């Protein structure tokens, strides 16, 4: 073509599509800015060539350009080639522990890994403390933020050097400046919205993920770091929890991977986005939940939760000296033990992996020789009736500091809606009911709540049933003694 006045050679350039080169009509005025700038890519344009002609020329020559530019997007492989690993705050608590995590991640390069990391130890608590101080108009939030900055700056100085160090410190300084502005706004208003709080407290994961990815790349392993706010979409619920939007998250993960293909991905735990792209969190213990969600999205072979214990104990070893490590647990057993106080997993962590029968393994980062505890679906032989008859108690769990609440009265028997009214009042004060017992005569209802919430619950019930108490249909609503609930699993 005689009119072609641009010569393009892009053998070592990044992947670029013709659409990225041309863009929409309003973007074509800056078409040159989309062209790769590597030494192997040379663009010469005659001064007399008008921008309109350049756009037409490149559009007409897109077939020629495609010879040198790979245009096929990288598809996300799924299945057992992936394993997901989650490292908690203790595991990445200082520079040496971050190096230990990097060594574990790099040890086996035969499979793809997605690594979910929490914030460094105590950092999330420090971030919540910043919010509390700013809301109460306590000027010391400024110094507390300086402590957060220094913790990560000193860790980076121990781990990184050169361009990697400069890049991280530049990002860290930018984030700190944003946090200063956000906290100042909270200080002035005397109040932090939920979205403000989630934005602030999620920064610890951003910094730890970037630090780990830099350390791994420093050792010659190709990896990408993922801000999961770009991928995980969750919908808030009325119970101060979130529900993952799996279809939308899966689409976003596939898009992210097509632009960032790698066998090793370092992802932030705990944080996500709403359907309106507003930053949010998965609430407390959210990093375990993040790992389980990512495992489900990837259909991974296994999700490994790295912690500071050898696995799941049959009982709290601080209370039962003879407690032993359990080799296996079913999803249901782990769920029950978690709910009743065992330090296993948050119950909701198990839900995503159950959908695809993905096992969870609890391992100790400080004792790699320990095989840990595997949480999975029981085998067929374990599910049949004959095995159930021979099954044995696997564990004990306890919840301390609970109180019983009794609601009694002959007027309760046979009256529809009484239980609903009772537990509706409990819900209104935000209390969590741990256990419920009702007499066969329906004469009374007894339930357990955390001791710290029992007075608010009793007041709410007395207010709700004031008329029934006055009329004698209910004889009394009263908190009983403090108890400890035991679970045998």
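Numbering (the numbering used here), first residue to last: 129 to 617. Yeah, the Cβ is synthetic: ideal placement off N, Cα and C, and Gly gets one too. Fair warning: this is a prediction, and the values are worked out from it, not measured in the lab.
ask   = For residue 280, does the three-state DSSP call read helix, strand or coil?
value = helix
inquiry  = Once DSSP output is grouped into helix, strand and coil, what is the label at residue 618?
reply    = In the structure as shown, the chain begins at 129 and stops at 617. Residue 618 is therefore absent and cannot be evaluated.
message = If the criterion is Cβ atoms closer than 7 Å, does the pair residue 466 and residue 480 meet it?
response = In this structure, residue 480 does not lie closer than 7 Å to residue 466 by Cβ.
key: Straight-line Cα distance separating residue 370 from residue 203   = 29 Å
request  = Would you list, in sequence order, the uninterrupted beta strand (DSSP E) runs of no fewer than 3 residues that lie entirely inside the region 298 to 340?
outcome  = none
ask   = Excluding sequence positions up to five away, which residues of its chain have a Cβ less than 6 Å from the Cβ of residue 472?
value = Closer than 6 Å at Cβ, skipping near neighbours: 440, 462, 465 and 466.
request  = Identify every residue that forms a DSSP beta bridge with residue 263.
outcome  = According to DSSP, residue 263 bridges with nothing at all.
inquiry  = On the DSSP bridge list, what partners appear for residue 597?
reply    = DSSP output for residue 597 lists no bridge partner at all.
request  = Compute the Euclidean distance between the alpha carbons of residue 237 and residue 374, then round it to the nearest angstrom.
outcome  = Looking at the two C-alpha atoms, the distance is approximately 28 Å.
inquiry  = By the DSSP assignment, the alpha helix (DSSP H) with residue 416 in it spans what residues?
reply    = 414 to 426 is the extent of the alpha helix (DSSP H) around residue 416.
task = Please state if the CB of residue 388 and the CB of residue 352 are separated by a distance shorter than 7 Å.
result = yes
request  = Quick one: using the 10 Å Cβ neighbour count with 16 as the cut-off for buried, is residue 327 buried or exposed?
outcome  = buried
task = Can you say whether residue 214 is buried or exposed, counting buried as having 16 or more other CB atoms within 10 angstroms of its CB?
result = Buried, because 16 or more other Cβ atoms sit within 10 Å of the Cβ of residue 214.
message = So, with DSSP's three-state summary, where would you put residue 441?
response = strand
Whole-Å CB distance - residue 212 paired with residue 394, under 8 Å assumed = Not a contact, Cβ separation roughly 12 Å.
request  = Spell out a yes or no on whether the region 336 to 345 and the region 285 to 299 are touching, meaning 3 or more CB-CB pairs, one atom from each, closer than 8 Å.
outcome  = The answer is yes - the region 285 to 299 touches the region 336 to 345, with three or more Cβ pairs under 8 Å.
ask   = Short check: CB of residue 492 to CB of residue 438, under 7 Å?
value = Their beta carbons are under 7 Å apart, which means residue 492 touches residue 438 by this criterion.
key: Residues that residue 214 bridges to, as DSSP identifies them   = According to DSSP, which records beta bridges pairwise, residue 214 is partnered with 244 and 433.
Host beta strand (DSSP E) of residue 364 (start-end) = 362 to 364
query = Closest by CA to residue 264, which one among 240, 276 and 318?
reply = 318
Closest by C-alpha distance to residue 396, when choosing among 226, 600, 563 and 245 = 245
key: Neighbour-count burial assignment, residue 359, 16 or more Cβ in a 10 Å radius   = When all chains shown are included, residue 359 counts as buried.
task = Could you check which residue in 484, 418 and 499 has the C-alpha nearest to that of residue 454?
result = 499
message = Once DSSP output is grouped into helix, strand and coil, what is the label at residue 402?
response = coil
request  = Rounded to whole angstroms, what's the CA-CA distance from residue 561 to residue 483? Just pull it up for me.
outcome  = 27 Å
request  = Kindly identify the DSSP beta-bridge partner or partners of residue 458.
outcome  = 504
ask   = DSSP state of residue 235, grouped into three classes?
value = helix
query = Should residue 333 and residue 247 be called a contact, given that it needs their Cβ atoms to be closer than 7 Å?
reply = Yes, the pair counts as a contact, with Cβ atoms nearer than the cut-off.
message = If distances are taken between C-alpha atoms only, which option among 401, 354, 382 and 348 comes closest to residue 363?
response = The shortest C-alpha separation from residue 363 is found at 401.
task = With a 10 Å radius around its C-beta and 16 neighbouring C-beta atoms as the bar for buried, classify residue 442 as buried or exposed.
result = buried
key: Rounded straight-line distance, which links the Cα of residue 580 to that of residue 574   = Residue 574 and residue 580 have their C-alpha atoms some 17 Å from each other.
ask   = By how many angstroms is the C-alpha of residue 256 removed from the C-alpha of residue 593?
value = For residue 593 and residue 256, the distance between alpha carbons rounds to 38 Å.
message = So the candidates are 210, 283, 316 and 217; which of them puts its Cα closest to the Cα of residue 300?
response = 283
query = Where do the N-terminal and C-terminal ends of the alpha helix (DSSP H) with residue 556 fall, by residue?
reply = 546 to 556
key: Supposed close pair residue 419, residue 210 - CB separation, criterion 8 Å   = Contact flag wrong, Cβ pair sits at about 12 Å.
request  = Return the first residue and the last residue of the beta strand (DSSP E) that residue 499 is part of.
outcome  = Taken as a continuous stretch (DSSP letters only), residue 499 belongs to no beta strand (DSSP E), as it is neither H nor E.
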